[in-house]
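Visitor: Next up is a structure, given as structure tokens.
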Amino acid sequence: MAEVVLRRLLATVPVLLLVTAGVFALLHLTPGDPVDAMMAESADASTKESLRRELGLDRPIAVQYAAWMGRLLRGDLGRSIRNGEPVLENVSRRIRPSVQLALLAMAISLTIAFPVAIASAVRHNTGVDRLGTTFALFGICMPNFLLALLLIFVFGVTLRWLPISGYLDPLEEGWSGLRSLILPAVTLGLALAAVITRTLRSSLLEALAEDYVRTARAKGLSEWVVIRGHVLKNALIPVVTVLGLQLGTLIGGAVITEYVFALPGVGRLVVDAVFARDYPLVQGVILLIALGFIVSNLLVDVLYGYIDPRLRRL
Amino acid sequence: MVTRRDFVKSCAGASGAAVVGLRPGTAAAADAPKKGGTLRVGFYIEAATMDPHLSGSKVDRQVYHNIYEPLVTLDTRLGIKPGLAESWSQPDPKTLVFKLRRGIKFHDGTDFNAEAAKFNFDRMKTEPKSIRKGEVANIDTVEVVDAATIKVNLKKADASLLATLTDRAGMMISPKVVQERAVELGRNAKGAGTGPFEFVEWVKDDHLLIKRNESYWNKQGGPYLERVRYRPIPDDTVKLQSLQSGEIDVIDYVQPRDVAAVKTDKNVMVLDVPSLADFAYQLNHARPPFNVKALRQAVAYAIDLEQIVKGVWLNVGYPANGPIPPTSWAYDKAIPPIKRDLAKVKARLAEGGKPGGFEFTMTTNNIPLSVQEAEVIQAQLREAGITMKIRLVDASTLISDGNAKNFEMISFQWSGRPDPDGNVYQFFKTTPGTSFNWSGISHPQLDALLDRSREVGAQAERKKIFSEVTKILQDELPMIFIVHPIEPKAFSQRVQGYEAIPDGMMRFKDVWLK
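Going line by line, the protein sequences match chains A and B.
So the first sequence is residues 1 to 314, counted in the working numbering.
So the second sequence is residues 1001 to 1514, counted in the working numbering.
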């Protein structure tokens, strides 16, 4: 297993190189200029030129990339063009709300998806199943921003149970921090629950048709023991795959939810940075998001091995 | 539809009516202001820097006007009144002498005096990253006459300079703060200003907090509020809902689509603040098709401004006759906005050698209101036989394309400046190299008028010059002027004493909470 992990870790190096080079090239190919964006209210050409020189933006792209890479190898992600703040400091401040949101959304989705999927699979083709699949369809079709606004309207504006926007750290503020994350986490969690429900229901149905399930039932085991001990574990692999991919997406890509709820997360940071053409910041955040994806996929692979011993040697 | 006459009347009355909580007939008028409380303000975007000399973002100014003070300030009718300078005089057109108030201290305890004022002007002119350089370019030197007097020597006469000094270019920062921690100032303005509120903290992406300056020099009125807490809420709908649910007390802007609905909400007060802004499209005079004047005019006559303001802006704005907004003393109501006239379109198309119409591309911001406006213009032009393609870009690309003159017609939205010069000179004066004269217009008569508008001191005479300028612009069309937007602000019923100034900046000195 250790060898698998090591091999996978080594494979991340070319992936990260490709990602950073690709993003660097794309960013510089995109029209727009950081100095123009920063000095939108000024047309003073000489000031802009001197700023471009100071930021090293007047050098060829390849030289700029090499300089960025050189700094990266020394553990320096550079500074934001817009506010001069170190990129790492910027990202580390933003990562906490994003991770908390992702984990809470995931917890909500699992809490909903498991019972619904199991009920749907066990009561296959009945009213319960149809209700479950309708929920899944609804969750997948509902756009994030619409669900977010509906939740805000009901629980924030009308009932005034939960705060509408902003972020308080649950680790520091406790309950009020958790409250600030509930609506965004439910917004993300419902969509994810729908995906997991569909995936789990399908794989449960597949597993339920296996011979070992018939054997287990023939042994006289209760239906719950059959489901928990034999069916569920075998049906988990596709769910773990989905979860692993989604964790990366949730941390780096919950842009719309972060925008709507004014959460200071990584997704919002990267979009704002792209709009401002803040090259070092975009590069740094994308690198860390890519790293996050790789690590979550690695975790998935390790989990595969735990769930299915046959995969440990692959 | 509000007529221009109604609007001019409403602007004229702005000083009396545009005060939240003090409208005639409301119970609040009788209440005495009381100290205390935290005002929670929602903005669409976070501030970029706390250093006024390096700031290029409008939202920064919203905070600055509470912690920093300029030498001179604006009144509700855009008149200039004393700020940190108690008086000024102009011995000759190229000299301005400011008498500074004595006994004022920066929040760090150091004195504000003539040396500090000179330090600030010098920094604006020499700091490599200074974004104020253009605004103070006409200042040659600043001399310290005595501890409370400075003499500003200009390179040439400039009647617009005083108005420029009502904003960031006139704001005074503690020299000690700049000398000791200039790099940090962008993120931490502790001790840096002289204003009614002091900077406390800025938790990036979350909030910016300021508190009452207990030893504020101006003992008339506030500051009453204990603290002001600014929060960025990027989604307009959510920002509004946060106000309606009581999570925040003030929002800086209500989208036109929401104005009617919000005005029916009893928990919220909406204040229509006429702005200094002009929203227009620049036409590139250097490349076809708009290197031909008749074709520029054909497009202008094909556009129905009233319909755009009514249908897209939902009357939260006024059709523009030029770059100068109706809030300005220089606005000439005798010049009507260009009216749609399809017969004239036909004639101009023939004159421009395109009797069957022509095709061009408009570059505009990819935001809902701009897209809607572009689509309406596209439909109006189609009726006149002109085909317009729409190219949607983000703000950064828009600015770069404009600066590089890489466009045929491009959206240009200017937040406006208190002096008409700030909406005119840099856009239409012949300028080699980069400037906001994206259209590339070079018109000797216009150049002469623009220079003269700076040399002439008397407002009445300047007004006549700006009228002439407006007429030339309507004929030459470096830009097609669309709308002067209103910038509605909304408040919870707790907020009292807010006075609106058409520069759109929210000054909270005299605001208090019920």
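Positions of the beta carbon are idealized from the N, C-alpha and C atoms, including for glycine.
For the alpha helix (DSSP H) containing residue 1401(B), list its first residue and its last residue.
Guide: Counting along the chain, the alpha helix (DSSP H) containing residue 1401(B) begins and ends at 1395-1403.
Visitor: Does any residue of chain B bring its CB to less than 8 Å from the CB of residue 167(A)?
Guide: Cβ-Cβ to chain B under 8 Å: yes for residue 167(A).
Visitor: Any beta carbon of chain B sitting closer than 8 Å to that of residue 315(A)?
Guide: Past the edges of chain A, shown from 1 to 314, lies residue 315(A), and the structure says nothing about it.
Visitor: Taking the alpha-carbon positions, what's the residue 1463(B) to residue 1447(B) distance?
Guide: So the two alpha carbons sit approximately 16 Å from each other.
Visitor: Can you round the beta-carbon distance between residue 1146(B) and residue 1114(B) to whole angstroms, since I take them to be within the 8 Å contact cut?
Guide: Contact holds; Cβ gap of about 7 Å.
Visitor: Can you tell me where the alpha helix (DSSP H) with residue 1066(B) in it begins and where it stops?
Guide: Looking at the DSSP string, the run of the alpha helix (DSSP H) that includes residue 1066(B) is 1058-1067.
Visitor: Note down, in chain order, every chain B residue with its Cβ under 8 Å from the Cβ of residue 36(A).
Guide: Near residue 36(A) (Cβ distances below 8 Å), the residues of chain B are 1396, 1399, 1400, 1403.
Visitor: Excluding five sequence neighbours on each side, which residues of the same chain lie with their C-beta closer than 6 Å to the C-beta of residue 315(A)?
Guide: Lying outside 1 to 314, the shown extent of chain A, residue 315(A) is not represented and no answer is given.
Visitor: Would you list, in chain order, the members of the stretch 1332-1347 of chain B that have their beta-carbon closer than 8 Å to a beta-carbon of chain C?
Guide: Of the protein chains in this structure, namely A and B, none is chain C.
Visitor: Taking DSSP as the reference, what is the three-state secondary structure of residue 1278(B)?
Guide: Here residue 1278(B) sits in strand by DSSP.
Visitor: Rounded to whole angstroms, how far is the Cβ of residue 1396(B) from the Cβ of residue 36(A), which I believe are closer than 8 Å?
Guide: That pair is a contact at about 7 Å.
Visitor: In chain A, which residues lie less than 7 Å from residue 1237(B) when you measure between Cβ atoms?
Guide: In chain order: 149.
Visitor: Using a Cβ-Cβ cutoff of less than 6 Å, which residues in the same chain neighbour residue 1385(B) once the five nearest sequence positions on both sides are dropped?
Guide: So the list reads 1357, once near-sequence residues are dropped.
Visitor: Using a Cβ cut-off of 8 Å (strictly closer), state whether residue 50(A) contacts chain B.
Guide: Interface residue, yes.
Visitor: Does the stretch 59-70 of chain A come close enough to the stretch 1168-1181 of chain B to have 3 or more Cβ pairs within less than 8 Å?
Guide: Verdict: no, contact absent.
Visitor: DSSP puts residue 1202(B) in a beta bridge; with which residues?
Guide: In the DSSP output, where bridge partners are listed per residue, residue 1202(B) has 1208(B).
Visitor: Just curious, the alpha helix (DSSP H) that residue 1040(B) is in, first and last residue?
Guide: Where residue 1040(B) is concerned, there is no enclosing alpha helix (DSSP H), although the beta strand (DSSP E) it sits in stretches over 1038-1043.
Visitor: Alpha carbon to alpha carbon, what distance is there between residue 245(A) and residue 279(A)?
Guide: Computed Cα separation, rounded: 26 Å.
Visitor: I'd like to check one pair, residue 155(A) with residue 183(A): are the Cβ atoms closer than 8 Å?
Guide: Yes; because the gap between Cβ atoms is below 8 Å, this pair is in contact.
Visitor: Along the alpha helix (DSSP H) that carries residue 1424(B), what are the first and last residues, could you check?
Guide: Where residue 1424(B) is concerned, the enclosing alpha helix (DSSP H) stretches over 1421-1428.
Visitor: Can you tell me whether DSSP reads residue 1170(B) as helix, strand or coil?
Guide: Helix at residue 1170(B).
Visitor: Between residue 272(A) and the ligand HEM, is the CB less than 7 Å from at least one heavy atom?
Guide: With respect to the ligand HEM, the structure shown offers nothing to examine, as it has no ligands at all.
Visitor: Can we say the stretch 1090-1106 of chain B touches the stretch 1239-1251 of chain B, given the rule of at least three CB pairs closer than 8 Å?
Guide: The stretch 1090-1106 of chain B, when compared against the stretch 1239-1251 of chain B, does not touch it at the 8 Å Cβ threshold.
Visitor: Under 7 Å, CB to CB, which of the residues in the stretch 263-274 of chain A have a partner in chain B?
Guide: If the cut-off is 7 Å between Cβ atoms, the stretch 263-274 of chain A has 264 near chain B.
Visitor: Taking a cut of 7 Å between CB atoms, which residues from the stretch 1199-1232 of chain B lie near chain A?
Guide: Listed by position, the residues of the stretch 1199-1232 of chain B near chain A (Cβ gap below 7 Å) are 1204, 1205, 1206, 1231, 1232.
Visitor: Ignore the nearest five residues each way along the sequence and tell me which others in residue 161(A)'s own chain have a CB closer than 8 Å to its CB.
Guide: These residues qualify, in order along the chain: 155.
Visitor: Where DSSP assigns a beta bridge to residue 1313(B), which residues make up the other side?
Guide: Beta-bridge pairing links residue 1313(B) to no other residue.
Visitor: Tell me the residue span of the beta strand (DSSP E) that contains residue 1151(B).
Guide: First-last of the beta strand (DSSP E) with residue 1151(B): 1149-1154.
Visitor: State buried or exposed for residue 1466(B), treating a residue as buried only when at least 16 other CB atoms are found within 10 Å of its CB.
Guide: Result: buried.
Visitor: Could you tell me which whole alpha helix (DSSP H) segments of length 4 or greater appear in the stretch 90-178 of chain A?
Guide: List check, alpha helix (DSSP H) in window: 127-141, 144-151, 170-173.
Visitor: Assuming residue 1144(B) and residue 1105(B) make a contact with CB atoms under 8 Å, what is their CB distance in whole Å?
Guide: Wrong, their Cβ atoms sit about 18 Å apart, outside the cutoff.
Visitor: Here's a check: name, in chain order, each residue in its chain whose Cβ is nearer than 8 Å to the Cβ of residue 242(A), leaving out the five neighbours to either side.
Guide: So the qualifying residues of the chain are 195, 196, 199.
Visitor: Taking only beta-carbon atoms, is residue 238(A) less than 8 Å away from chain B?
Guide: No, its Cβ sits nowhere closer than 8 Å to a Cβ of chain B.
Visitor: So what's residue 1157(B) in DSSP terms, helix, strand or just coil?
Guide: Residue 1157(B): coil per DSSP, three-state reduction.
Visitor: With a threshold of 8 Å, are at least 3 pairs of Cβ atoms found where one atom belongs to the stretch 1414-1421 of chain B and the other to the stretch 1266-1280 of chain B?
Guide: With the cut-off at 8 Å, the stretch 1414-1421 of chain B and the stretch 1266-1280 of chain B touch.
Visitor: Going by Cα to Cα distance, which pick from 1247(B), 1333(B), 1454(B) is closest to residue 1470(B)?
Guide: Comparing Cα positions, the closest option is 1333(B).
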